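Chemist:
Chains as they are written, first to last, in the working numbering: chain W, 62 to 428; chain R, 62 to 428.
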């Protein structure tokens, strides 16, 4: 156990935005919310999965909705814990811990806000090792753990508890409620025991995010190359370097969907990369060839500062570096690919790990 | 207290469909469901509002959705009581009685199905004295009684509990969930005390429905004019008599909406009536002049048998009589008209009681 203070949150939010692959919310907003809660309610107790007992009880807390709308419609008060408390009341038992559903600028810190306000410890884990757009897209789904009972609450005082036949139905019902609530809502879900958390979640994600954030911060302070520092710490590959040439974005069925095009600079001069996203980056094509796809991480960093760029922050003219990062091994199984592979997102391609794609396309260029 | 047997349900469903003004579901389906439940679980104890204690606890049960879809997607089993049981579990107390949210072919008998299956008594009342398309459109809303906590369940095993800031938000959230569940769902809502029921609901609606049903049945048996018998027992006015010339119907945003045109026959030969509906009939215009509007009841009966015709049952060529029936006096107050008056449904006209409109238009014809 250690205590998390505002300065830790800065690193966690920054690093989690790298893992958020364009989604998971804005790290600046997440940081502000978490810092505000810690300043008011005190530091958060941060524990590793091994530290919690098998029969303890945990639920994830997150903000749900289109990031494009989240930026404009921030939770400010009671509604941040309303969903969590509604779930606890419904279950009629104390929820001992909260944890992250996903890594992302906002949703890595959202649980800290809940933990600080309710005075409960937070477990260092998440359900993805990255961010994904839909509720069922977490490793616990592969272990048969139900997302429900799930609570969803808005800032107007509306709240709902849902129970569904499977986690795909949780996504359907919760998404439709979230849209009606204004395309963003606070949620508490995946109530589970400590034992289930240990077997089904991705351990250490928040510590990993913190290390990535620290690395960027220190590289900036020491005037080293922060991009190279990130690449090294995440074990990723530079897929492209260039300028944003075009962004098409629409908020539909509760998601921020769209496509961005980048024109190459430096060694990528004259070449082009196209990126497709649904809240998170899903697919990158360089000169028409796929170079990375879900479930691997496709992360866009500001070319100078290595600040992660979220899908809603992409603007014409931005100079960026596109990184491909191998995903958690759980996602590379047949069960994982059925949940979050390219075909789930309607791309008619096989999943090939990003390290293999990079090796193949390098050879192709060399020929 | 008396016991309700299948034969009572026949009369109740038939009479409630007259009060259902085209909506509230098909009486044949409602009757079959109720009879099936009573045959399996025994007769239902039927009590008047005065018989229940002030501190007893009641909730309404109903089927929600577009009647056009209800016809094709009937609840058959456990889901009929799933919503009621989910509400009871959430409230963590026994619900002593159920009652009707609305009068209508289906929703007058739905609570009997719940009462039979759960072995609880049913209170002779409803929240409208007729049927209306939206959840907040009940007299308890005028008394500040919340529709939530409300439960909503489908046949697939999905269920949701919602808590909302007001009854309009209950309608919004529940409608969106209902649509996602397949445009029809079972609901349990308006949990309240016996005292609240007595002050806010319309008493005796189910007995009134039974009397209307009896009247039609007896008139048919005795070869009397069943239309005239209905008109007399409800205190209504014949607005038109004619053939269905055109029906335009669409299922949108979870409702059956549309317009029907009738060509006059008999003393209405050469004249035309247009009817607008949203699940229920909202407005009737004869030769371009409004002759009846919500909240008064506009009921369509088969010209021979006095069988009520629901919006989804309207077919080209049907010979019908259109009745206008004064609504419960609670709806004629400014608060009532704000909830269910013509302007709420986007018709830019003042509400004028049907008996006054009939007197005016008769004078106009006489001149």
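Even glycine gets a Cβ: it sits at the ideal position worked out from N, Cα and C.
Note that this is a predicted model, so its numbers are computed, not measured.
In the DSSP output, what is residue 354 (chain R) paired with across the bridge?
Modeler: Locating residue 354 (chain R) in the second chain gives position 293, where the first residue counts as 1. R:344.
Chemist: Count the other CB atoms, across all protein chains shown, that sit within 10 Å of the CB of residue 213 (chain R); report buried if there are 16 or more and exposed otherwise.
Modeler: Locating residue 213 (chain R) in the second chain gives position 152, counting from the first residue. Answer is buried; the Cβ neighbour count reaches 16.
Chemist: What is the rounded straight-line gap between the Cα of residue 371 (chain W) and the Cα of residue 86 (chain W)?
Modeler: Position 310 of the first chain, counted from the start, is the residue given in the question as residue 371 (chain W). Position 25 of the first chain, counted from the start, is the residue given in the question as residue 86 (chain W). Using only the alpha carbons, I get a separation of about 7 angstroms.
Chemist: Pull the bridge partners of residue 158 (chain R) from the DSSP assignment, please.
Modeler: Within the second chain, the letter at position 97 stands for residue 158 (chain R). Paired residues: R:119.
Chemist: Closest by CA to residue 335 (chain W), which one among W:326, W:328, W:327, W:348?
Modeler: Residue mapping note: residue 335 (chain W) aligns to position 274 of the first chain, counting from 1. Cα-wise, what sits closest to residue 335 (chain W) is W:348.
Chemist: Cβ of residue 223 (chain R) less than 8 angstroms from any chain W Cβ?
Modeler: Start at 1 with the first residue of the second chain, and residue 223 (chain R) comes out as number 162. Output row for residue 223 (chain R): interface = yes.
Chemist: Sorry if obvious, but does the Cβ on residue 344 (chain W) come closer than 7 angstroms to a heavy atom of the ligand NAD?
Modeler: Within the structure as shown, the ligand NAD is missing, as the structure has no ligands at all.
Chemist: Could you check the C-alpha separation between residue 142 (chain R) and residue 113 (chain W) for me, to the nearest Å?
Modeler: On the second chain, residue 142 (chain R) is found 81 positions in, with the first residue counted as 1. On the first chain, residue 113 (chain W) is found 52 positions in, with the first residue counted as 1. One C-alpha to the other measures close to 39 angstroms.
Chemist: What did DSSP end up calling residue 259 (chain W) once you bin it into helix, strand or coil?
Modeler: For the purposes of this step, residue 259 (chain W) is identified with residue 198 of the first chain, where counting begins at 1. Note: residue 259 (chain W) maps to helix in three-state DSSP.
Chemist: Between the Cα of residue 351 (chain W) and those of W:215, W:118, W:414, spot the shortest distance and give me the residue it belongs to.
Modeler: What you label residue 351 (chain W) is simply residue 290 of the first chain in a count that begins at 1. Measuring C-alpha to C-alpha distances from residue 351 (chain W) to each of W:215, W:118, W:414 identifies W:414 as the nearest.
Chemist: Expressed to the nearest angstrom, what Euclidean distance is found between the alpha-carbon atoms of residue 367 (chain R) and residue 79 (chain R)?
Modeler: Against the second chain, residue 367 (chain R) aligns to sequence position 306. Against the second chain, residue 79 (chain R) aligns to sequence position 18. If I take the Cα positions, the gap works out to 9 angstroms.
Chemist: Just checking: is the beta-carbon of residue 218 (chain W) within a distance shorter than 8 angstroms of some beta-carbon in chain R?
Modeler: As a working mapping, residue 218 (chain W) is identified with position 157 in the first chain. It does: the Cβ of residue 218 (chain W) has a partner Cβ on chain R nearer than 8 angstroms.
Chemist: Go ahead and label residue 407 (chain R) buried or exposed: buried means 16 or more other beta carbons lie within 10 angstroms of its beta carbon, across all protein chains shown.
Modeler: Your numbering for residue 407 (chain R) matches position 346 in the second chain. When all chains shown are included, residue 407 (chain R) counts as exposed.
Chemist: For the alpha helix (DSSP H) holding residue 235 (chain R), just list the boundary residues, first then last.
Modeler: Sequence index remark: in the second chain, residue 235 (chain R) carries index 174 (1-based). Note, residue 235 (chain R): alpha helix (DSSP H), 228 to 241.
Chemist: Can you give me the start and stop residues for the beta strand (DSSP E) that residue 369 (chain W) sits inside?
Modeler: For the purposes of this step, residue 369 (chain W) is identified with residue 308 of the first chain, where counting begins at 1. DSSP places residue 369 (chain W) in no beta strand (DSSP E); its state is neither H nor E.
Chemist: Tell me whether the beta-carbon of residue 252 (chain R) lies closer than 8 angstroms to the beta-carbon of residue 156 (chain R).
Modeler: Working through the second chain from its first residue, we reach residue 252 (chain R) at position 191. Working through the second chain from its first residue, we reach residue 156 (chain R) at position 95. The answer is yes: Cβ separation under 8 angstroms.
Chemist: Is residue 407 (chain R) helix, strand or coil when you go by DSSP?
Modeler: On the second chain, position 346 is the one that residue 407 (chain R) refers to. Three-state DSSP puts residue 407 (chain R) in coil, outside helix and strand.
Chemist: With a threshold of 8 angstroms between beta carbons, is residue 238 (chain W) in contact with chain R?
Modeler: Against the first chain, residue 238 (chain W) aligns to sequence position 177. Chain R, which has a Cβ nearer than 8 angstroms to the Cβ of residue 238 (chain W), makes this yes.
Chemist: Quick one: what's residue 264 (chain W) bridged to in DSSP?
Modeler: For the purposes of this step, residue 264 (chain W) is identified with residue 203 of the first chain, where counting begins at 1. The partner list for residue 264 (chain W) (beta bridge, DSSP) reads W:186.
Chemist: Quick check: what's the CA-CA separation for residue 207 (chain R) versus residue 201 (chain R)?
Modeler: Position 146 of the second chain, counting from 1, holds the residue named residue 207 (chain R). Position 140 of the second chain, counting from 1, holds the residue named residue 201 (chain R). Between residue 207 (chain R) and residue 201 (chain R), the C-alpha separation is close to 8 angstroms.
Chemist: Report all residues from its chain with a CB closer than 6 angstroms to the CB of residue 426 (chain W); omit the five preceding and five following residues, and keep chain order.
Modeler: Locating residue 426 (chain W) in the first chain gives position 365, where the first residue counts as 1. Only weak support exists for where residue 426 (chain W) lies, its pLDDT of 47 falling under 50; the coordinates are left without a value.
Chemist: Per DSSP, what kind of secondary structure is residue 209 (chain R) in: helix, strand or coil?
Modeler: The residue labelled residue 209 (chain R) in the question sits at position 148 within the second chain. Looking at residue 209 (chain R) - three-state DSSP - the assignment turns out to be coil, as it is neither helix nor strand.
Chemist: What is the C-beta distance between residue 297 (chain W) and residue 166 (chain W), in whole angstroms, given that I count them as a contact (C-beta under 8 angstroms)?
Modeler: As a first step, residue 297 (chain W) is located in the first chain; it is residue number 236 there, counting from the start. As a first step, residue 166 (chain W) is located in the first chain; it is residue number 105 there, counting from the start. Their Cβ separation, rounded to whole angstroms, is 18 angstroms, which puts residue 297 (chain W) and residue 166 (chain W) out of contact at 8 angstroms.
Chemist: Whole angstroms are fine: how far does the CA of residue 375 (chain R) sit from the CA of residue 144 (chain W)?
Modeler: In the first chain, counting from the first residue as 1, residue 144 (chain W) sits at position 83. In the second chain, counting from the first residue as 1, residue 375 (chain R) sits at position 314. Their Cα atoms are separated by approximately 45 angstroms.
Chemist: Using beta carbons (cut-off 8 angstroms, strictly below), is residue 140 (chain W) in contact with chain R?
Modeler: For the purposes of this step, residue 140 (chain W) is taken as residue 79 along the first chain, with counting starting at 1. Not an interface residue.
Chemist: Do you know how far the Cα of residue 316 (chain W) is from the Cα of residue 242 (chain W)?
Modeler: Start at 1 with the first residue of the first chain, and residue 242 (chain W) comes out as number 181. Start at 1 with the first residue of the first chain, and residue 316 (chain W) comes out as number 255. Approximately 14 angstroms between the Cα atoms of the pair.
Chemist: What residues from chain R crowd round residue 241 (chain W), counting only those whose CB sits closer than 7 angstroms?
Modeler: As a first step, residue 241 (chain W) must be located in the first chain, where it is residue number 180. Per Cβ cutoff of 7 angstroms: 233, 234, 237.
Chemist: So which residues of chain W does residue 230 (chain R) contact, with C-beta pairs closer than 8 angstroms?
Modeler: Against the second chain, residue 230 (chain R) aligns to sequence position 169. What residue 230 (chain R) touches in chain W: 217, 219.
Chemist: Please tell me whether residue 226 (chain R) has its Cβ less than 8 angstroms away from any Cβ of chain W.
Modeler: For the purposes of this step, residue 226 (chain R) is identified with residue 165 of the second chain, where counting begins at 1. It does: the Cβ of residue 226 (chain R) has a partner Cβ on chain W nearer than 8 angstroms.
Chemist: Tell me the DSSP secondary structure of residue 336 (chain R) in three-state form.
Modeler: Locating residue 336 (chain R) in the second chain gives position 275, counting from the first residue. Residue 336 (chain R): strand per DSSP, three-state reduction.
Chemist: Considering just the uninterrupted stretch of the alpha helix (DSSP H) at residue 379 (chain R), what are its terminal residues?
Modeler: Within the second chain, the letter at position 318 stands for residue 379 (chain R). That residue, residue 379 (chain R), is in no alpha helix (DSSP H); it is neither H nor E in DSSP.
Chemist: Could you check whether the Cβ of residue 408 (chain R) sits closer than 8 angstroms to any Cβ belonging to chain W?
Modeler: As a position in the second chain, residue 408 (chain R) is number 347, starting the count at 1. Output row for residue 408 (chain R): interface = no.
Chemist: Who does residue 221 (chain R) pair with in a DSSP beta bridge?
Modeler: Numbered from 1 along the second chain, position 160 holds the residue referred to as residue 221 (chain R). According to DSSP, which records beta bridges pairwise, residue 221 (chain R) is partnered with W:223, R:213.
Chemist: Going by the CB atoms, is the gap between residue 219 (chain R) and residue 209 (chain R) shorter than 8 angstroms?
Modeler: As a first step, residue 209 (chain R) is located in the second chain; it is residue number 148 there, counting from the start. As a first step, residue 219 (chain R) is located in the second chain; it is residue number 158 there, counting from the start. No, they are not a contact pair.
Chemist: Taking only beta-carbon atoms, is residue 151 (chain R) less than 8 angstroms away from chain W?
Modeler: Your numbering for residue 151 (chain R) matches position 90 in the second chain. Taking Cβ atoms only, chain W reaches closer than 8 angstroms to residue 151 (chain R), which makes this a yes.
Chemist: Using a Cβ-Cβ cut-off of 7 angstroms (strictly less than) and excluding sequence neighbours within five positions of residue 240 (chain W), which residues of its own chain qualify?
Modeler: Position 179 of the first chain holds residue 240 (chain W). Excluding five sequence positions before and after residue 240 (chain W), the CB atoms of its chain that fall closer than 7 angstroms to its own CB belong to 315, given in chain order.
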